[in-house]
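Colleague: Protein chains in written order, with the numbering used here: chain A, 3 to 253; chain B, 41 to 371; chain C, -6 to 295.
Quick one: this structure, given as structure tokens, is what I'll be asking you about.
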Amino acid sequence: MSLGKGDLNGGKVNNALLTVHQLVTGYGRALVLNHVSLTVDFPEIVALLGANGAGKTTTLRAIIGLIPCWEGEIVFGGTCINQLPPSDRVRLGLAYCPEGRGIFANLSVLENLRVGAYTLRNKRDFLKNLHDVFALFPRLKERLHQLAGSLSGGEQQMLALGRALMSNPKMLLLDEPSLGLAPILVKEIYSKIVELHEEQKISILLVEQNVDIALTASHRAYVLEKGQIVLYGLSSDLRSHPVIQTAYLGG
Amino acid sequence: MLHSKLKGRPMLRYIFCFVLLILGAVFAEFFVRGVYKDVLILTAINAIVCLSAVVTNTFAGQFSLGFGGIMLTAAYTASLFTLPPSYKMVFLNLPPFLARLQWPFIPALLLGVLFSVLASLFFVFPSFRLRGHYFILITLGLNVIFANLAINLRDWTHGPLGIRNIPFYTNAWWAFGGLGLTLWFLDRFISSRFGRALIIVGRDETLAASLGINVLFYKFLAFLVSSIIQGFAGVLWVHYIGSMHPNVFDLNFVFLIVAMYALGGSQRLSGAILGAAIVTALTHLARPIQEGFTLFGYTIPPLMGLIQVLIALLLIIVMIFRPEGIIRRKI
Amino acid sequence: MINFILQQIINAIGYGCILGLLGIGYTIIYGVAGLINFAHGEIFMIASIVAYLVGYLMQASFIYASIVAIITALCCGLLLNYLIYQPCIKRRSSVLTIFIASFGASVFLRFLLLMLLTDRRRPFPIPLVFEHVFSVGELRVPLKDVITLGISIVVVIITVYIVKYTRTGIAMRAFAFDKETAQVMGISLSRITTIAFVLGGSLAGVAAIVYGLTFGVVYPTMGFLPGLYGFMAAVIGGIGNVLGGFIGGILLGFAEIFTVAFFPPALSPLRPLLVWVILILIMLFKPTGLFKPNIKFEELRG
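This is how it looks when you write it as structure tokens:
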């Protein structure tokens, strides 16, 4: 566990699934990420923590390709993906659940899932994934033909997750899955997240403001502050770190 | 670079523009004739219209294409008062008091501007609720409606045939003087707190509202200012050309003004003038080419519409590669 | 009286279908690409002119001319997309810049054809067989209108099917709703925009054929007003709503034909006004259109 500017975690050899190396980016002329580095192995759950405005969502958006990188490198599965548009990155095995769910409210649940499966090549894969998603989230099956916009918050989050899973991703980028959900639902969603990680061996990078649940669910975590990684390590260790205790857990 | 030298020194700016305008007017009035004089004077008048477009479109962020209808209103109104009674009695069917009188230029000009302001109210209210493409569509529609009214109110406008014998009041002094007046007025307006508030409204309405700026009032103000300028230009126009009909300020005209605005540089007042100069010059000077000519023994047939084709092509290219226009904001 | 109204309805079929088809084209392109293709009316015009050139000058059959016309329209749509819209989108141009470019494209095409061909009316190649007129009771039902209605309905059904049930159609609707998230699902921006223009362009081509059957003439400025009305139809029907766009066009077409029939002659020059008045009223009171639009409302406003 170290306190300091982010660099490759613990000197591990670079065979991680996702490597973000010295990422610098922002919006317009405003700098948001200042030499951010992190890695996600296969398979593990990594949490990215930090206060509002620290740059967590920006990091995920940069990884999926919705915003360009000014400097730095993003390597996924051995391939440098800096120049690739989002649609190509998805085909490499990345999936993204945006902040606020990002479901298509004008489409039905089934149609949302079909969009998620856009990159699949044949019907058999689609049906198999659909089956898996229903096993994980039975409630989606019940609401199959309902308009996605009419679902409750919890159901929308499940739909967003299910949709992301339809593309057979190797890695999932989750942006604040707990946003706007009641604590019971948060627990339920996170248990599903851990479940799908264990069953399908999907790596997950999740951004969270709810530090408690994030540290519980993840193996490792990074803490982002004002665009820089200030802390990283095993989640179990971080939980007892004094900075975390006072700043985020109110201890 | 010229801009940076003039930026902080209003006095220098005023003197520079004043000198240019005087030179322009003198040149136009005394040294050129025919099509060249037309180009200079119409450039000045088009520049005035273009400046009004900068006010609504760039500053206030309300992209309005309605200047056709507003200028039409002012033009017809003013000419109704400046036309000689001999013409009015014969060709129009006006109430007697109107048919008999003939006003000098300035009162008629002011009346024309007044009516153009009233006409602009039709644009103001939709702008409060609609934005973007919808608003543009409605302003286009209002152009058509005004032109249609002009065609139909035959008693007052002589219908599609239009009116002639409008006295030639506009000379180079009016044109360039008008341009100078407009520039001076807008310069003062932009630096005033009204202008600065307006620019904030144009950039980000929610931000403006959160700063306590009354957005509706400023939109209203933008249209007020621009309609005054447009009415002014419309009256100048018809009193230079000497005739008026419903298609003078039609959608082709609207296109040319949009081209001037976009080509010259939509972010600065000087851009409007440059755009007006380029497009007006092209439109008039290239006309003989349109009519067909012989070159090295080959006869090139008349190509009506070539000018619009070239201007449109230029516009597309500029919008792709340099969307702010030729004269950009200093970054 | 009933007969009179029915006859007017029959007369209005052709015009309504034209506006409806153009409306669908506009709504698909606006829904997916987020831009108004002002040159849509000009694609329609170019398809008509190609039909004239192929069918009349080259003496080809109606079917052949129609197919070439539709393919031309499709290619025009693609060209506009690649040469103008994609470069603007890649450079992240503002909405207004794209609008001005679109406006410029429309003027460019219109005046280019005007320059090359002059505004003389030229005939659309209609097979003589189509000139037959049925008599149903007291009503005159031209065969041309029946064919027109048939073509339009088939095309609309196909388009609605594509948009509602196919993978591409669902992707288009997703894209219309949320561009960014759709891209994250693997839908490529340039590819889906291309598809939208292919679809929209083809529809303009079909509209050209319908226009040819209904009015029989072809001329360079023919695209301006129908294009504008087609856009209005898309707006009235709810942006992004395919069926709504078609119905909007039918309504608009019917409105104009009915005013021709019912307006006293003294007021007839005011006819074009009615269409605008309808539009302005709908804009003010129901800006989202009569039916449910397919994009987020905030985007409609700017």
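The beta carbon of each residue, even a glycine, is placed where N, CA and C say it ideally should be.
Using 10 angstroms around the beta-carbon of K14 (chain A), count the other beta-carbons present and answer buried if the total reaches 16, otherwise exposed.
Modeller: The predicted position of K14 (chain A) is uncertain, since its pLDDT is 42 and thus under 50; a value taken from the coordinates is nonetheless stated next. Counting Cβ neighbours within 10 Å, K14 (chain A) comes out exposed, since fewer than 16 surround it.
Colleague: Output the residue ranges of the beta strand (DSSP E) runs that lie fully inside the segment 61 to 138 of chain C and measure 3 residues or longer, sorted by chain position.
Modeller: The segment 61 to 138 of chain C contains these whole beta strand (DSSP E) runs: 126 to 129, 132 to 135.
Colleague: Quick one: any contact between the segment 219 to 227 of chain C and the segment 131 to 150 of chain C, if contact means 3 or more CB pairs under 8 Å?
Modeller: These segments do not touch.
Colleague: When you compare the CB positions of I239 (chain B) and F99 (chain B), do they come within less than 8 Å of one another, or not?
Modeller: Result yes, Cβ atoms of I239 (chain B) and F99 (chain B) sit closer than 8 Å.
Colleague: Which complete beta strand (DSSP E) runs does the segment 119 to 199 of chain A hold, if anything under 3 residues is left out?
Modeller: The qualifying runs are 173 to 177.
Colleague: What residues of chain C sit near T27 (chain A), judged by a beta carbon separation below 8 Å?
Modeller: Going along chain C, no residue has its Cβ under 8 Å from T27 (chain A), so there is no contact; the nearest lies around 15 Å.
Colleague: Is G156 (chain A) near the ligand ZN, with its Cβ less than 7 Å from a heavy atom?
Modeller: The ligand ZN is not part of this structure, which contains no ligands at all.
Colleague: Would you tell me roughly how many angstroms separate the C-alpha atoms of D134 (chain A) and L207 (chain A), rounded to the nearest one?
Modeller: In a straight line, the C-alpha of D134 (chain A) is about 21 Å away from that of L207 (chain A).
Colleague: Kindly list, in the order they appear in chain C, the residues whose Cβ is closer than 7 Å to that of T121 (chain A).
Modeller: Ordered by position in chain C, the residues that pass the 7 Å Cβ test against T121 (chain A) are G179.
Colleague: List the whole-angstrom C-beta distance separating F103 (chain B) from F175 (chain B), where the pair is believed to meet the contact cut-off of C-beta under 8 Å.
Modeller: The Cβ separation is near 7 Å, so the contact holds.
Colleague: Have a look at C:R133, C:Q52, C:L14 and flag the residue whose alpha-carbon is nearest the alpha-carbon of I151 (chain C).
Modeller: The shortest C-alpha separation from I151 (chain C) is found at C:L14.
Colleague: So, helix, strand or coil for N30 (chain C), using DSSP?
Modeller: It is coil, neither helix nor strand.
Colleague: I need the straight-line Cα distance from L267 (chain C) to I275 (chain C), nearest angstrom please.
Modeller: The alpha-carbon atoms of L267 (chain C) and I275 (chain C) are separated by roughly 12 Å.
Colleague: How would you call L5 (chain A), buried or exposed, if buried means at least 16 neighbouring beta carbons within 10 angstroms?
Modeller: Model confidence at L5 (chain A) stands at a pLDDT of 40, short of 50, so the residue's coordinates are unreliable and nothing is read from them.
Colleague: Looking at the C-beta of G205 (chain C), does it have a partner C-beta in chain B at a distance below 8 Å?
Modeller: For G205 (chain C), the answer is no, since every Cβ of chain B falls outside 8 Å of its Cβ.
Colleague: When the Cα atoms are used, what is the spatial distance from L223 (chain B) to S267 (chain B)?
Modeller: Distance between the alpha carbons of L223 (chain B) and S267 (chain B) is about 15 Å.
Colleague: When the Cα of G315 (chain B) is compared with those of B:K128, B:S160, B:F295, B:G108, which residue comes out closest?
Modeller: Here the closest residue by C-alpha is B:F295.
Colleague: Taking a Cβ distance cut-off of 8 Å, strictly less, list which residues of the segment 82 to 93 of chain C are near chain B, in chain order.
Modeller: Per Cβ criterion, the list reads R84, S86, S87, V88, L89, T90, I91, F92, I93.
Colleague: So the beta strand (DSSP E) F257 (chain B) belongs to, where does it begin and stop?
Modeller: Looking at the DSSP string, F257 (chain B) is not in any beta strand (DSSP E); the run it does join, the alpha helix (DSSP H), is 255 to 281.
Colleague: Quick check on Q102 (chain B) - is its C-beta less than 8 Å from some C-beta in chain C?
Modeller: Chain C contact via Cβ: absent.
Colleague: Helix, strand or coil for G315 (chain B)? Go by DSSP, reduced to three states.
Modeller: Three-state DSSP puts G315 (chain B) in a helix.
Colleague: Run through chain B and tell me which residues come within less than 9 Å of I77 (chain C), C-beta to C-beta.
Modeller: Simply I356, M359, I360.
Colleague: Does Y174 (chain B) get closer than 8 Å to chain C when you measure Cβ to Cβ?
Modeller: It does: the Cβ of Y174 (chain B) has a partner Cβ on chain C nearer than 8 Å.
Colleague: Kindly indicate if chain B contains any beta-carbon less than 8 Å away from that of P219 (chain C).
Modeller: Not an interface residue.
Colleague: Would you say F170 (chain C) reaches chain A, if we count a Cβ-Cβ gap shorter than 8 Å as a contact?
Modeller: True, the Cβ-Cβ gap to chain A drops below 8 Å.
Colleague: When you compare the CB positions of F190 (chain C) and L102 (chain C), do they come within less than 8 Å of one another, or not?
Modeller: It is not a contact, given that the beta carbons lie outside the stated cut-off.
Colleague: Name the residues in the segment 98 to 113 of chain C whose C-beta lies less than 7 Å from a C-beta of chain B; which are they?
Modeller: For the segment 98 to 113 of chain C, which is checked against every Cβ of chain B, the residues closer than 7 Å are A98, V100, F101, F104, L105, L107, M108.
Colleague: Against G181 (chain B), what residues of chain C qualify as contacts under a CB-to-CB distance less than 7 Å, listed in chain order?
Modeller: Result: W269, L272, I273.
Colleague: Between which two residues does the beta strand (DSSP E) containing E210 (chain A) stretch?
Modeller: Here the beta strand (DSSP E) through E210 (chain A) covers 205 to 210.
Colleague: Counting beta carbon pairs with one atom in the segment 358 to 365 of chain B and one in the segment 83 to 99 of chain C, are three or more of them shorter than 8 Å?
Modeller: Yes: the two stretches touch, three or more of their Cβ pairs being nearer than 8 Å.
Colleague: Please say whether I85 (chain B) and I269 (chain B) have beta carbons closer to each other than 8 Å?
Modeller: No, they are not a contact pair.
Colleague: Use the C-beta contact count for P341 (chain B): other C-beta atoms within 10 angstroms, 16 or more gives buried, fewer gives exposed.
Modeller: P341 (chain B) should be labelled exposed.
Colleague: Who are N36 (chain A)'s beta bridge partners in DSSP?
Modeller: DSSP output for N36 (chain A) lists A:V26 as bridge partner(s).
Colleague: Consider the Cβ of R166 (chain C): report whether some Cβ of chain A lies at a distance smaller than 8 Å.
Modeller: R166 (chain C) counts as touching chain A.
Colleague: Ignore the nearest five residues each way along the sequence and tell me which others in G282 (chain B)'s own chain have a CB closer than 6 Å to its CB.
Modeller: Excluding sequence neighbours, G282 (chain B) sits near I206, F208.
Colleague: Sort B:G252, B:R204, B:L350, B:P147 by Cα distance to F131 (chain B) and report the nearest one.
Modeller: Ranking the options by Cα distance to F131 (chain B), first place goes to B:R204.
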